Amino acid sequence: MGNSGQLPAPLPEDIIREILHRLPVKCLVRFSGINSSWRKLLLSDQSFVYSHLKHAKNNNINRLTDVLIYSDCYPDYLTTLLESDDELAHHNLGRRDIVVKFKNTALRNPLHLHQDFLVVGCCNGIICLYRKGLFLWNPALRECRALPTCADRWLPDLDFIVFGYDCRNQDYKVLKKHRGQQRAELYSLNRNSWKLIGCDGLSVKNNPSSLTPHSQELDGRLFWISECTGDGSVRSLISFNVSTERFNEFPIPDSVPPIKPCGAVGVFRGCISVLTHREGNRQEYEVWSMKEYGVSESWTRALVVRKRGRLRTGRPVGFTGNGKIVVQWRRGACLYDPSLKRWEKFDMKTKSYMTYRFFVGEYVESLVSIMPPRRRRRWRPLSPLTKFPGRFFKCFLCME
1 MGNSGQLPAP LPEDIIREIL HRLPVKCLVR FSGINSSWRK LLLSDQSFVY
51 SHLKHAKNNN INRLTDVLIY SDCYPDYLTT LLESDDELAH HNLGRRDIVV
101 KFKNTALRNP LHLHQDFLVV GCCNGIICLY RKGLFLWNPA LRECRALPTC
151 ADRWLPDLDF IVFGYDCRNQ DYKVLKKHRG QQRAELYSLN RNSWKLIGCD
201 GLSVKNNPSS LTPHSQELDG RLFWISECTG DGSVRSLISF NVSTERFNEF
251 PIPDSVPPIK PCGAVGVFRG CISVLTHREG NRQEYEVWSM KEYGVSESWT
301 RALVVRKRGR LRTGRPVGFT GNGKIVVQWR RGACLYDPSL KRWEKFDMKT
351 KSYMTYRFFV GEYVESLVSI MPPRRRRRWR PLSPLTKFPG RFFKCFLCME
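Using our numbering, the first residue of the sequence shown is number 1, and each one after it goes up by one.
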């Protein structure tokens, strides 16, 4: 106590890193403006960024949770995240109390797009959006940027568009194919450029159109359902390995109910699965799973849920991480728990019945920047900066 006038010795670097690993992104973003060495660590050290992300997923410090995103830009909102009363907690579809007490929190449109858009995917805290162009958005870092345009002009009809993470190269990629093209276009965040890749393994001559509005990631592959004929009689499960950039196509047996006009692909009990529904006398939701990757004979009906009352008009949206089913109902959504065999309904006061506006997936706040590696220190803020009240954030835009 006699040496109270002396400053304490600085903590060793490894202890500082360990402490920072345990803090949520919101705190780390604040700290980056206090200490220059911390800012360099938090924004430039990719080993720390991904070790923090791994720690966050394993220990849930940033609330790895299921989040339902509704895309509605009328009049001036980009998306709606469902949150609990805790401003840091995203709406957890696995907890009944939050389902009952949820409130809508509108995140203002960072790009001022007063138009419809599609949530392509969500991975490691990055949300990919599409509307006559592609955008990457990390709400935790307050970053949003438009991707550069590809070499070919934008065509109106998309066969498919997906977003995923290349774990081998620590890269994020967007894959899209337009109707009539014989090759697909692939964007790499590390290269910040597009390239054309062959569609070997796909029935490109039949223009396979996606029947599911979103893809699903499992073991480094992206999955979605496509049809190869106009009447939907030929259906396939498409697989794309994000690291090797190769396609695979597996036929879906006739025993699986029709997926058109709507359906969902996701992970159910550890297997890639399809959520669909039967019409007519047998009004049921069905979950079909491919038990062995690439083996068409392994498709098995894993779950049957009888439609009841007004839920007969519901449309499949997807699966939560803990195996619950999400169905759009009127202008809200319903959640089915297979273990409890119980439905729960919550009203979102949406303005549309269109299923493609809904996206359900796992979200975790992360330090992963959506800026290209060479530009991660050269943010250019929107002018003028939109002043959001309270917990709303300012967004940064990097136009190429």
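For every residue, glycine included, the Cβ atom is placed at its ideal position computed from N, Cα and C.
Just so it is clear, the structure is predicted and the values come from calculations on it, not from any experiment.
Under 8 Å between the Cβ atoms of F160 and S239? no
Using a threshold of 8 Å, state whether the C-beta atoms of Y363 and G180 are closer than that. Y363 places its beta carbon 8 Å or farther from that of G180.
On the premise that R145 lies in contact with M290, defined as a C-beta separation below 8 Å, what is that separation, rounded to the nearest angstrom? 36 Å between Cβ atoms; not a contact.
Below 8 Å on the Cβ atoms is my contact criterion, and I expect F223 with I272 to pass it. Report the Cβ-Cβ distance as a whole number of Å. 5 Å
Take the Cβ of T244 as the centre, count every other Cβ of all protein chains shown within 10 Å, and call the residue buried at 16 or more, exposed below. exposed
So, at 7 Å on beta carbons, what are the nonlocal neighbours of H178 in its own chain, with the 5 sequence-adjacent residues on each side left out? Cβ neighbours of H178 beyond the five flanking positions: L155, D157, L158, D159.
Residue from L129, G314, V265, R306 with nearest C-alpha to P338: R306
Can you tell me the Cα-Cα spacing of G33 and R39, whole angstroms? Approximately 7 Å, taken between the alpha carbons.
To the nearest angstrom, report how far apart S298 and W288 are at their CA atoms. Looking at the two C-alpha atoms, the distance is approximately 10 Å.
Which residues in the same chain as Y285 place their Cβ atom closer than 6 Å to its Cβ, once the five residues preceding and following it in sequence are excluded? H277, V305
Nearest to S369 by alpha carbon, out of N192, D14, K57? N192
Sort V242, G321, Q283, R308 by Cα distance to V265 and report the nearest one. Ranking V242, G321, Q283, R308 by Cα distance to V265 puts G321 first.
Under a three-way DSSP split, which group does R269 fall into? In the three-state reduction of the DSSP assignment, R269 falls in the coil class.
Through-space distance from S366 to L28, alpha-carbon basis: 10 Å
Consult DSSP for E13 and reduce its assignment to one of helix, strand or coil. E13: helix per DSSP, three-state reduction.
Endpoints, beta strand (DSSP E) assigned at C27: Segment 25-31 is the alpha helix (DSSP H) holding C27; no beta strand (DSSP E) there.
Beta carbon of I197 nearer than 8 Å to that of L275: Cβ distance not < 8 Å, so I197 and L275 don't count as in contact.
Could you check whether F358 and V317 sit closer than 8 Å to each other, using their CB atoms as the reference points? yes
When L175, D166, R315, L136 are compared against Y50, the one with the closest alpha-carbon: D166
Could you tell me the distance, in whole angstroms, from the CA atom of E249 to the CA atom of N58? Their Cα atoms are separated by approximately 33 Å.
Residue closest to L202, alpha-carbon to alpha-carbon, out of R342, V25, R235: R235
Could you give the distance in angstroms between the alpha-carbon of I16 and the alpha-carbon of R22? 10 Å
Take V256 and list the residues in its own chain whose beta-carbon comes closer than 6 Å to its own, dropping the five residues that flank it on each side. W288
Taking the continuous beta strand (DSSP E) assigned at N138, which residues delimit it? 134-138
Could you check the C-alpha separation between N35 and L41 for me, to the nearest Å? 10 Å
From R56 to P24, what distance separates their C-alpha atoms? The question names Arg, yet the displayed sequence has Ala at residue 56. C-alpha separation (whole angstroms): 8 Å.
Give the straight-line distance between the Cα atoms of L129 and G121, rounded to the nearest whole angstrom. 7 Å
Pick out the complete beta strand (DSSP E) segments inside the segment 224-258, 3 residues or longer, and give them in chain order. 235-241, 246-251
A333: which of G314, F319, R342, L340 sits nearest, CA to CA? G314
Can you give me the C-alpha to C-alpha distance between C150 and L186, rounded to a whole angstrom? 9 Å
Beta strand (DSSP E) containing Q46: first to last residue? Element bounds for Q46: not the beta strand (DSSP E) but the alpha helix (DSSP H), 46-59.
Alpha carbon to alpha carbon, what distance is there between P148 and P75? Its pLDDT being 32, under 50, P75 is placed unreliably in this model, and the value from its coordinates should be taken loosely. One C-alpha to the other measures close to 27 Å.
Determine, using beta carbons only, whether Q283 comes closer than 8 Å to chain D. Among the chains of the structure shown, chain D does not appear; only one protein chain is present.
Can you give me the C-alpha to C-alpha distance between G270 and A302, rounded to a whole angstrom? 12 Å
Out of N138, C123, L237, L335, which has the shortest C-alpha to C-alpha gap to K173? C123 is the residue among N138, C123, L237, L335 whose C-alpha sits nearest the C-alpha of K173.
Drop a sphere of 10 angstroms on the beta-carbon of R221, count the other beta-carbons inside from all chains shown, and report buried for 16 or more, exposed for fewer. buried
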